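Asker:
Encoded structure:
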């Protein structure tokens, strides 16, 4: 058994071209321990992985990949327009935990324990899993073992943005699927609705995203719905009605009429995050904030910080500018800690990892970056 400890080597590997990396691979044939060490090191080089993503990645291997995903999303959207917001959020929640590797889709963890799907930020609020499964089924019929679940998530989020906001942007692809999904990782990485401005800035910075990109991506709150548990402490203190700072009294009263003081994580009552146009991706989110109608405490924090508030005002005044920069921020988010090349796997079913195979290097990397293979 070979045990590989992945090292974050930087300068030499980053300087190599794809041909150089091929030469390294060929040179290590017959020395599997060395070959595995090279693969492990490559898997943990963020800049190298990001560079391997490309628009039109499936042009030769599965030319109808994006079309099939788009059809699955459109079919679901025709039945329930709210699914678009769910798919956008699903991609976000995937990328912020272990990178954009479809770990959020796993319903079981090979190592045991609860998965990201079970974590409080995701359960019961995440939705859209059935749409991803439908897209994957179509792709497996058309192009078996080719299109990763992580790329399906990125395509589906883009298509949802197109359907709700009439915004289209090319999606670089080539992501591979991870094999680990842990509840605690979701709790540690997803920004909760109770975060302050500085906590939001720090969390996004940790994911290589700027403060401006944080404000841009927060604009996705213009579509979809939220469970009462995410904001109940802004309107109730036990059984006593309250109005949290930055919340309109009339809006608080409306929310109290929907959400009882006994609300818990299992209370399945929801409300639109943007009451005016909950299924339209527009810049109304930014217009609501100065009116004290940001649903979450974290929404209001964008007004508390002067620099963030300036961005809010800019995007409230110019929807076209916001959409352009929002699309760019989505693309950048889709590059967070991706696995590419020989790292990870292409799952046959998005909710479970593939059966163990020595040919799937990197499929059992744990949080310490150690992979074992026989």
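Residue numbers (the UniProt record's numbering): 1 to 374. In this text, a Cβ means the ideal position worked out from N, Cα and C, and glycines have one as well. In this text the structure is predicted, and so the values were computed from the model without any measurement.
Mapping the DSSP letters down to three states, classify residue 167 as helix, strand or coil.
Answerer: For this step, residue 167 is matched to residue 167 along the chain shown. Residue state, collapsed to three classes: coil.
Asker: Cβ of residue 337 within 9 Å of Cβ of residue 98?
Answerer: For this step, residue 337 is matched to residue 337 along the chain shown. For this step, residue 98 is matched to residue 98 along the chain shown. Contact flag set, yes.
Asker: In terms of residue numbering, what span does the alpha helix (DSSP H) encompassing residue 229 cover?
Answerer: By one-based count along the chain shown, residue 229 stands at place 229. Where residue 229 is concerned, there is no enclosing alpha helix (DSSP H), given that its DSSP letter is neither H nor E.
Asker: Where does residue 242 land, buried or exposed, given buried means 16+ other C-beta within 10 angstroms?
Answerer: Position 242 of the chain shown, counted from the first residue, corresponds to residue 242. Result: exposed.
Asker: Between the C-alpha atoms of residue 87 and residue 156, what's the straight-line distance to the nearest angstrom?
Answerer: What you label residue 87 is simply residue 87 of the chain shown in a count that begins at 1. What you label residue 156 is simply residue 156 of the chain shown in a count that begins at 1. Roughly 6 Å separates the two Cα atoms.
Asker: Could you check which residue in 76, 59, 52, 81 has the C-alpha nearest to that of residue 277?
Answerer: Walking along the chain shown from the start, residue 277 turns up at place 277. Residue 277 has its Cα closest to that of 81, out of 76, 59, 52, 81.
Asker: Under 9 Å between the Cβ atoms of residue 351 and residue 129?
Answerer: Locating residue 351 in the chain shown gives position 351, where the first residue counts as 1. Locating residue 129 in the chain shown gives position 129, where the first residue counts as 1. Contact: yes.
Asker: Return helix, strand or coil for residue 176, following the three-state DSSP convention.
Answerer: Translated into the one-based positions of the chain shown, residue 176 becomes position 176. Residue 176: strand per DSSP, three-state reduction.
Asker: Could you tell me the distance, in whole angstroms, from the CA atom of residue 253 to the CA atom of residue 290?
Answerer: As a working mapping, residue 253 is identified with position 253 in the chain shown. As a working mapping, residue 290 is identified with position 290 in the chain shown. Taking the straight line joining both Cα atoms gives about 18 Å.
Asker: Given 8 Å as the limit, is there contact between the region 213-226 and the region 297-317, that is, 3 or more CB pairs closer than that?
Answerer: Yes: at least three Cβ pairs fall under 8 Å.
Asker: Can you round the beta-carbon distance between residue 131 and residue 83 to whole angstroms, since I take them to be within the 8 Å contact cut?
Answerer: Within the chain shown, residue 131 is the residue found at index 131, counting from 1. Within the chain shown, residue 83 is the residue found at index 83, counting from 1. Correct: roughly 6 Å between the Cβ atoms.
Asker: Would you say residue 197 and residue 204 are within 9 Å of each other, going by their C-beta atoms?
Answerer: Translated into the one-based positions of the chain shown, residue 197 becomes position 197. Translated into the one-based positions of the chain shown, residue 204 becomes position 204. It is not a contact, given that the beta carbons lie outside the stated cut-off.
Asker: Extract the residue ranges of the alpha helix (DSSP H) inside the region 195-267, only unbroken runs of 4 or more that lie entirely within it.
Answerer: You should have 197-205, 211-218, 249-258.
Asker: With burial defined as no fewer than 16 other Cβ atoms inside 10 Å of the residue's Cβ, what is the status of residue 136: buried or exposed?
Answerer: Numbered from its first residue, the chain shown carries residue 136 at position 136. By the 10 Å Cβ count, residue 136 comes out buried.
Asker: Just to check my reading of the structure: residue 331 and residue 146 have Cβ atoms closer than 8 Å, yes? What is that Cβ distance to the nearest angstrom?
Answerer: Along the chain shown, one-based indexing puts residue 331 at 331. Along the chain shown, one-based indexing puts residue 146 at 146. So it is not a contact: roughly 22 Å between Cβ atoms.
Asker: Tell whether a beta-carbon distance below 9 Å holds between residue 319 and residue 274.
Answerer: Residue mapping note: residue 319 aligns to position 319 of the chain shown, counting from 1. Residue mapping note: residue 274 aligns to position 274 of the chain shown, counting from 1. Not closer than 9 Å, so no.
Asker: Kindly indicate which three-state DSSP category residue 339 falls into: helix, strand or coil?
Answerer: The count along the chain shown starts at 1 and reaches residue 339 at position 339. Strand.
Asker: With 16 other CB atoms within 10 Å as the buried threshold, where does residue 188 fall?
Answerer: For the purposes of this step, residue 188 is identified with residue 188 of the chain shown, where counting begins at 1. Classification for residue 188: exposed.
Asker: Exposed or buried, which one is residue 334 when buried takes at least 16 other CB atoms within 10 Å?
Answerer: As a working note, residue 334 is residue 334 in the chain shown. When all chains shown are included, residue 334 counts as buried.
Asker: Measuring only the C-alpha atoms, how far is residue 228 from residue 60?
Answerer: As a first step, residue 228 is located in the chain shown; it is residue number 228 there, counting from the start. As a first step, residue 60 is located in the chain shown; it is residue number 60 there, counting from the start. Cα to Cα, residue 228 sits roughly 46 Å from residue 60.
Asker: Going by C-alpha to C-alpha distance, which of 169, 261, 185, 208 sits closest to residue 230?
Answerer: Here residue 230 is taken as the residue at index 230 of the chain shown, counted from 1. Cα-wise, what sits closest to residue 230 is 261.
Asker: Quick one, which of 160, 117, 214 has its alpha-carbon nearest residue 66's?
Answerer: Locating residue 66 in the chain shown gives position 66, where the first residue counts as 1. With distances taken between Cα atoms, residue 66 lies closest to 160.
Asker: Mapping the DSSP letters down to three states, classify residue 304 as helix, strand or coil.
Answerer: Numbered from its first residue, the chain shown carries residue 304 at position 304. Of the three classes helix, strand and coil, the one that applies to residue 304 here is helix, per DSSP.
Asker: In this structure, does DSSP put residue 182 in helix, strand or coil?
Answerer: Residue numbering aside, residue 182 sits at position 182 when the chain shown is read from its first letter. In the structure shown, residue 182 sits in coil (DSSP, three-state: anything other than H, G, I, E or B).
Asker: Distance, Cα to Cα, residue 269 vs residue 234?
Answerer: By one-based count along the chain shown, residue 269 stands at place 269. By one-based count along the chain shown, residue 234 stands at place 234. Cα to Cα, residue 269 sits roughly 16 Å from residue 234.
Asker: Taking C-beta to C-beta, are residue 377 and residue 106 nearer than 9 Å?
Answerer: This structure leaves residue 377 out entirely; the chain is present only between 1 and 374.
Asker: Return helix, strand or coil for residue 75, following the three-state DSSP convention.
Answerer: Sequence index remark: in the chain shown, residue 75 carries index 75 (1-based). Three-state result, residue 75: helix.
Asker: Looking at the secondary structure, which residues open and close the beta strand (DSSP E) in which residue 270 lies?
Answerer: Position 270 of the chain shown holds residue 270. It spans 270-272 - the beta strand (DSSP E) in which residue 270 sits, taken as one unbroken run.
Asker: To the nearest angstrom, report how far apart residue 194 and residue 103 are at their CA atoms.
Answerer: Mapped onto the chain shown, residue 194 falls at position 194. Mapped onto the chain shown, residue 103 falls at position 103. Spanning the two alpha carbons is a distance of roughly 24 Å.
Asker: Which value, in whole angstroms, describes the spacing of the CA atoms of residue 314 and residue 321?
Answerer: Within the chain shown, the letter at position 314 stands for residue 314. Within the chain shown, the letter at position 321 stands for residue 321. Near 9 Å, if we compare the C-alpha coordinates of residue 321 and residue 314.
Asker: Between which two residues does the alpha helix (DSSP H) harbouring residue 377 extend?
Answerer: Only positions 1 to 374 of the chain appear in this structure, which leaves residue 377 out of reach.
Asker: Applying the 10 Å Cβ sphere with the 16-neighbour rule, what's the burial state of residue 113?
Answerer: If you number the chain shown from 1, residue 113 lands on position 113. Burial call: exposed.
Asker: Measuring CB to CB, does residue 68 end up less than 9 Å from residue 163?
Answerer: As a first step, residue 68 must be located in the chain shown, where it is residue number 68. As a first step, residue 163 must be located in the chain shown, where it is residue number 163. No, they are not a contact pair.
Asker: Using C-beta distances below 6 Å, list every residue in its chain close to residue 125, excluding the 5 sequence neighbours before and after it, in chain order.
Answerer: For the purposes of this step, residue 125 is taken as the residue at position 125 of the chain shown. These residues qualify, in order along the chain: 227.
Asker: Would you identify the three-state DSSP class for residue 352, choosing helix, strand or coil?
Answerer: Counted from its first residue, the chain shown places residue 352 at position 352. Residue 352 falls in the strand class under three-state DSSP.
Asker: Where does residue 54 fall in DSSP's three states?
Answerer: Mapped onto the chain shown, residue 54 falls at position 54. Looking at residue 54 - three-state DSSP - the assignment turns out to be strand.
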